[in-house]
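Below is one structure, written out as C-alpha cells, with a few remarks after it.
Numbering (my numbering), first residue to last: 293 to 455.
Put into C-alpha cells, the structure is as follows:
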C-alpha cells in the first residue's frame with residue numbers, strides 16, 4: 293500500500309514526526325520551552341513569515357501540544373502555552389540540542405547549558421538508560437513485540453533480531 297504522507301504509517305515515530313517534525317514547529321516549541329508565548333515574539337525572534345507561523349501554531353494547537361489563552365495584558369491578543377502533552381516533548385528537544393551541540397555545532401564553548409533551577413547542577417545529556425541510570429548503546433537494546441504489534445512492526449523487529 294502506497295502512503296501519501298508519513299503520518300499515515302501506523303508507527304509512533306512516523307506520527308510524531310508528522311505532527312512536530314518540521315523545522316518551524318520544533319523551533320516554536322524550543323522558544324515555548326523558554327517562556328515565549330506571544331505570536332509577535334515568535335515572529336520577531338524566529339524571523340518567520342506570519343502565514344507559516346499561523347499555520348504551525350494552528351497545527352500545534354490542534355494536536356493539543358499548545359493551547360490558546362487570552363493575554364492578561366491585552367484581551368485582544370492570545371498567548372500560546374504548552375499543554376501536558378507539549379511538556380512531554382521536553383526530553384525530545386533536549387536530546388536534539390545535545391546531538392546538535394556534539395555533531396553540528398562549530399563552537400569552542402556551548403552556546404547554552406541547561407541547569408537544575410534549584411541547585412544550579414548541570415543537566416546530564418539525554419540518553420536511553422537502564423533503571424540504575426547506566427546509558428545504553430542501541431546495540432544493547434532488544435526490541436520485542438508489544439501487545440499492539442501489527443505485521444509491519446513484527447517485520448521491523450525481525451530485522452533487528454537477525455542482527
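All residues carry an ideal CB built from backbone N, CA and C; glycine is no exception.
As the structure is a computational prediction, the values presented were derived from the model and not from experiment.
Which runs of the beta strand (DSSP E) at least 3 residues long sit entirely within the segment 356-412? Give them in chain order.
358-362 and 370-374
Rounded C-alpha distance that separates residue 450 from residue 412
45 Å
From this set, 362, 311 and 349, which residue's C-alpha is nearest residue 324's C-alpha?
349
Determine the burial state of residue 304: buried for a count of at least 16 other Cβ atoms within 10 Å of its Cβ, exposed for fewer.
exposed
With DSSP as the reference, identify every bridge partner of residue 421, one or two as the case may be.
427
Is any non-hydrogen atom of the ligand FAD found closer than 7 Å to the C-beta of residue 342, if you look at the structure I gave you?
Of ligands this structure carries none, so the ligand FAD is not represented either.
How about residue 338 and residue 381: are their beta carbons less than 8 Å apart?
no
Nonlocal neighbours in the same chain, by C-beta distance under 8 Å from residue 362, ignoring five residues either side:
369, 370 and 371
Compute the distance between the beta-carbons of residue 344 and residue 316, then report whether it is under 8 Å.
yes
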